[in-house]
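Down below is the structure, laid out as structure tokens.
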Amino acid sequence: MQIQPYQFIKYNKDTQFSHIERASKTGAVLCFDFEDGIVHPFDSEMTGRMKEEAREQFNRLYRLITDSGKNISIGVRINNNKTSYFEKDLIAIQNKKIDTILVPKTEHPDDVESTINSLDSFGIEYDSFVPVIETKAGLGNLEEIVGRNNRIKKIAFGHCDYNLSIGAYPFFHQDSWQYWKWISAIISVIGRYGIQLINSPYLNFSNEQFFCSMLEYISSGNNRCHGQVTLTNRQSELCKSEKGSSARFKFLLENKNLIPADRKVAVDMVREFENNNLTKGLSKSGNRFISLQEYIASKQLSEDPRETKEMFFIGGCFPVQHNILFEDLFHSKLKQKAEKASGFRLNISIIRYERLCDVLKKTKETAQSGKPGLIVFHVRPEPYLRIVKLFYKYRNNSGKVKWSVNLPMFRYLNPEKYDMLTLQGFSDINTRRRNPVFHKMLVTMNYLFGKMIGNKQFAMKSYYRTAQSFIGFCNENNIEYIILGPNRRNNTQPEPALCRDLDRYFSCRTEGNNYVSGYVNDGVEKMNFENGIHVTREYHDLIAEKLFNVISENKYWMAK
Numbered sequence: 001m002q003i004q005p006y007q008f009i010k011y012n013k014d015t016q017f018s019h020i021e022r023a024s025k026t027g028a029v030l031c032f033d034f035e036d037g038i039v040h041p042f043d044s045e046m047t048g049r050m051k052e053e054a055r056e057q058f059n060r061l062y063r064l065i066t067d068s069g070k071n072i073s074i075g076v077r078i079n080n081n082k083t084s085y086f087e088k089d090l091i092a093i094q095n096k097k098i099d100t101i102l103v104p105k106t107e108h109p110d111d112v113e114s115t116i117n118s119l120d121s122f123g124i125e126y127d128s129f130v131p132v133i134e135t136k137a138g139l140g141n142l143e144e145i146v147g148r149n150n151r152i153k154k155i156a157f158g159h160c161d162y163n164l165s166i167g168a169y170p171f172f173h174q175d176s177w178q179y180w181k182w183i184s185a186i187i188s189v190i191g192r193y194g195i196q197l198i199n200s201p202y203l204n205f206s207n208e209q210f211f212c213s214m215l216e217y218i219s220s221g222n223n224r225c226h227g228q229v230t231l232t233n234r235q236s237e238l239c240k241s242e243k244g245s246s247a248r249f250k251f252l253l254e255n256k257n258l259i260p261a262d263r264k265v266a267v268d269m270v271r272e273f274e275n276n277n278l279t280k281g282l283s284k285s286g287n288r289f290i291s292l293q294e295y296i297a298s299k300q301l302s303e304d305p306r307e308t309k310e311m312f313f314i315g316g317c318f319p320v321q322h323n324i325l326f327e328d329l330f331h332s333k334l335k336q337k338a339e340k341a342s343g344f345r346l347n348i349s350i351i352r353y354e355r356l357c358d359v360l361k362k363t364k365e366t367a368q369s370g371k372p373g374l375i376v377f378h379v380r381p382e383p384y385l386r387i388v389k390l391f392y393k394y395r396n397n398s399g400k401v402k403w404s405v406n407l408p409m410f411r412y413l414n415p416e417k418y419d420m421l422t423l424q425g426f427s428d429i430n431t432r433r434r435n436p437v438f439h440k441m442l443v444t445m446n447y448l449f450g451k452m453i454g455n456k457q458f459a460m461k462s463y464y465r466t467a468q469s470f471i472g473f474c475n476e477n478n479i480e481y482i483i484l485g486p487n488r489r490n491n492t493q494p495e496p497a498l499c500r501d502l503d504r505y506f507s508c509r510t511e512g513n514n515y516v517s518g519y520v521n522d523g524v525e526k527m528n529f530e531n532g533i534h535v536t537r538e539y540h541d542l543i544a545e546k547l548f549n550v551i552s553e554n555k556y557w558m559a560k
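Numbering (UniProt numbering), first residue to last: 1 to 560.
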């Protein structure tokens with residue numbers, strides 16, 4: 001489980017060499033921060049003086065390190081080259097032996113080239129030049145950043161700045177699926193260039209089981225993680241430990257984008273940060289650290305004067321799709337568009353369902369915590385297609401793989417018996433290798449046999465009855481609603497036509513602007529990935545635009 005720690009150490013005028021020596025015994029690269037760790041969070045005018053003091057203390061401690069004769073690896077996070085502090089930082093590290101230089105908020109290849117040229121002009125020697133990806137622009141340009149400069153051997157990720165840059169709230173930390181989608185996106189690029197990743201710091205320092213499980217995960221397989229930013233000696237020791245964690249890491253993760261922004265949470269976060277801050281860019285509160293970036297985001301939300309409009313989206317995997325980044329999901333795009341156009345804050349709560357029988361129940365339960373003004377109900381292909389088939393393969397509540405026959409006329413229907421959302425801890429039942437052509441032929445026959453005995457008509461009628469119950473709930477409670485039609489699945493030959501028929505069935509039975517068709521054929525832009533199941537980022541963009549066009553004309557949305 002060993003992985004290289006990069007420990008950001010606390011240092012000031014009272015720091016002695018013994019403090020540095022203790023930290024170095026962990027085997028960490030000791031990183032001195034000139035950037036976000038050295039700011040006054042409540043008085044920006046003090047920040048410049050604090051950074052000057054930090055450089056002076058770095059020079060003092062560097063002399064103590066060299067005088068000791070100890071082999072201690074030193075890293076420095078300098079300020080971005082667009083700031084007034086950049087050249088002063090370079091002067092501070094001149095004529096010194098630096099292992100790692102971390103360059104924050106790298107967004108473009110020109111940033112790398114300009115910074116390296118400046119380092120060269122100051123005659124600064126270093127072993128590793130590490131751009132830190134902390135914004136959407138940086139991630140979007142990552143291929144060009146690493147492709148244009150062969151001096152880059154490592155990349156670091158700064159998730160707190162990244163969360164702030166995309167307007168995420170609450171923040172996605174390492175215990176969320178959303179965080180690891182970002183990591184996957186980074187690795188998919190740097191892996192082609194043989195570049196290694198330094199993972200962002202884990203702020204909940206008391207949860208050692210999770211931290212060790214994470215280290216086990218990032219150091220295994222092809223994850224390309226070379227290092228881990230650490231904030232304590234203990235975290236650095238764990239990075240070098242031979243003892244792993246027995247916990248299966250992916251089972252510890254949660255889908256955090258189901259949680260909408262909460263003003264009360266933001267107010268509490270602001271209070272917690274301010275009450276525990278020692279005029280630094282990080283507050284230690286109980287068993288965790290609170291970052292400056294999360295404080296800034298919390299303060300912005302807590303002081304936002306805009307009215308908040310509540311919206312529910314009832315769907316399946318579409319709003320939490322595993323291979324689309326959070327900021328590229330349709331509801332993130334919709335929120336940005338709507339807030340920019342209206343002057344309101346839009347809170348979107350995600351309600352997931354697999355069984356039709358759960359839709360109304362889950363909607364009512366969520367509405368108890370706060371009535372929405374608008375609900376979007378997504379008619380999904382999956383629950384419908386599962387009922388259309390004659391034979392149905394599933395897992396029961398014990399996780400055992402079972403087969404059954406769909407015979408709705410005899411009320412024998414296992415797709416509605418077991419909730420797949422509660423069985424996600426079990427591995428996928430379709431992992432066995434099979435002949436894809438032969439398998440698709442069997443699935444096609446399965447659809448055709450099911451259609452022949454009337455399963456298709458039963459499935460459409462059942463789905464529409466569910467929608468009618470949902471519409472009735474909205475009308476009774478004076479809630480605006482939109483029915484979003486199914487996307488066009490094309491995993492097997494019958495699926496496009498089956499999805500088209502479901503779209504038509506709903507569109508001709510749903511009132512005017514209350515229906516938004518989700519059935520779209522591929523054009524210049526592909527709407528599905530190669531598997532024919534998951535939709536592309538272009539499809540998310542399209543649905544965001546379609547929903548925005550409808551809700552911008554909606555009386556709930558436009559009411560002042």
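Positions of the beta carbon are idealized from the N, C-alpha and C atoms, including for glycine. Quick caveat, the model's predicted, so the values are computed rather than measured.
Nearest to residue i by alpha carbon, out of the options?
i           : options               : result
residue 29  : 74, 19 and 22         : 74
residue 220 : 232, 248 and 254      : 248
residue 460 : 441, 499 and 471      : 499
residue 70  : 97, 93 and 276        : 97
residue 469 : 362, 554 and 546      : 362
residue 260 : 366, 493 and 175      : 366
residue 548 : 455, 535 and 516      : 516
residue 537 : 328, 283, 514 and 310 : 328
residue 512 : 501, 535, 554 and 497 : 554
residue 265 : 299, 285, 179 and 250 : 299
residue 102 : 6, 60 and 39          : 6
residue 227 : 526, 27 and 543       : 27
residue 382 : 216, 534 and 372      : 534
Round the Cβ separation of residue i and residue j to the nearest angstrom and send it over; I've been treating them as touching at under 8 Å.
i           : j           : result
residue 158 : residue 133 : 7 Å
residue 360 : residue 462 : At roughly 13 Å, the Cβ-Cβ gap does not stay under 8 Å, so residue 360 and residue 462 are not in contact.
residue 467 : residue 483 : 6 Å
residue 540 : residue 377 : The Cβ separation is near 18 Å, so there is no contact.
residue 379 : residue 486 : 5 Å
residue 336 : residue 164 : Actually they are not in contact, since the Cβ atoms of residue 336 and residue 164 sit about 15 Å apart, beyond 8 Å.
residue 149 : residue 115 : Actually they do not touch by this definition, with Cβ atoms about 10 Å apart.
residue 55  : residue 88  : 7 Å
residue 218 : residue 199 : 6 Å
Pull up the distance between the alpha-carbon of residue i and that of residue j, whole angstroms please.
i           : j           : result
residue 141 : residue 413 : 49 Å
residue 236 : residue 256 : 27 Å
residue 104 : residue 296 : 18 Å
residue 95  : residue 109 : 26 Å
residue 84  : residue 131 : 19 Å
residue 426 : residue 41  : Low confidence applies to residue 426: its pLDDT is 41, below 50, so where it sits in the model is not reliable, and the reading given next is rough at best. C-alpha separation (whole angstroms): 45 Å.
residue 197 : residue 404 : 46 Å
residue 433 : residue 172 : Bear in mind that a pLDDT of 49 at residue 433, under 50, signals an unreliable position, so the model cannot answer this.
residue 47  : residue 79  : 12 Å
residue 419 : residue 354 : 6 Å
residue 489 : residue 99  : 51 Å
residue 161 : residue 506 : 43 Å
residue 271 : residue 289 : 14 Å
residue 520 : residue 458 : 24 Å
residue 287 : residue 232 : 12 Å
residue 38  : residue 49  : 10 Å
residue 392 : residue 501 : 21 Å
Residue i by DSSP, collapsed to three states: which one?
i           : result
residue 141 : coil
residue 170 : coil
residue 437 : helix
residue 31  : strand
residue 455 : helix
residue 497 : helix
residue 241 : coil
residue 527 : coil
residue 319 : helix
residue 309 : strand
residue 288 : strand
residue 283 : strand
residue 550 : helix
residue 314 : strand
residue 5   : strand
Counting only beta-carbon atoms, is residue i nearer than 8 Å to chain B?
i           : result
residue 221 : Among the chains of the structure shown, chain B does not appear; only one protein chain is present.
*asked:* At 3 residues or longer, what runs of the beta strand (DSSP E) sit wholly inside the region 174-216?
replied: 196-199
_Extract the residue ranges of the alpha helix (DSSP H) inside the region 454-491, only unbroken runs of 4 or more that lie entirely within it._
455-476
*asked:* So within the region 347-411, which uninterrupted alpha helix (DSSP H) runs reach at least 4 residues, ignoring any that extend past its ends?
replied: 359-367 and 381-388
*Identify every run of the alpha helix (DSSP H) within the region 73-156, keeping only runs that are complete inside it and at least 4 residues long; order them along the chain.*
86-93, 109-121, 136-140 and 142-147
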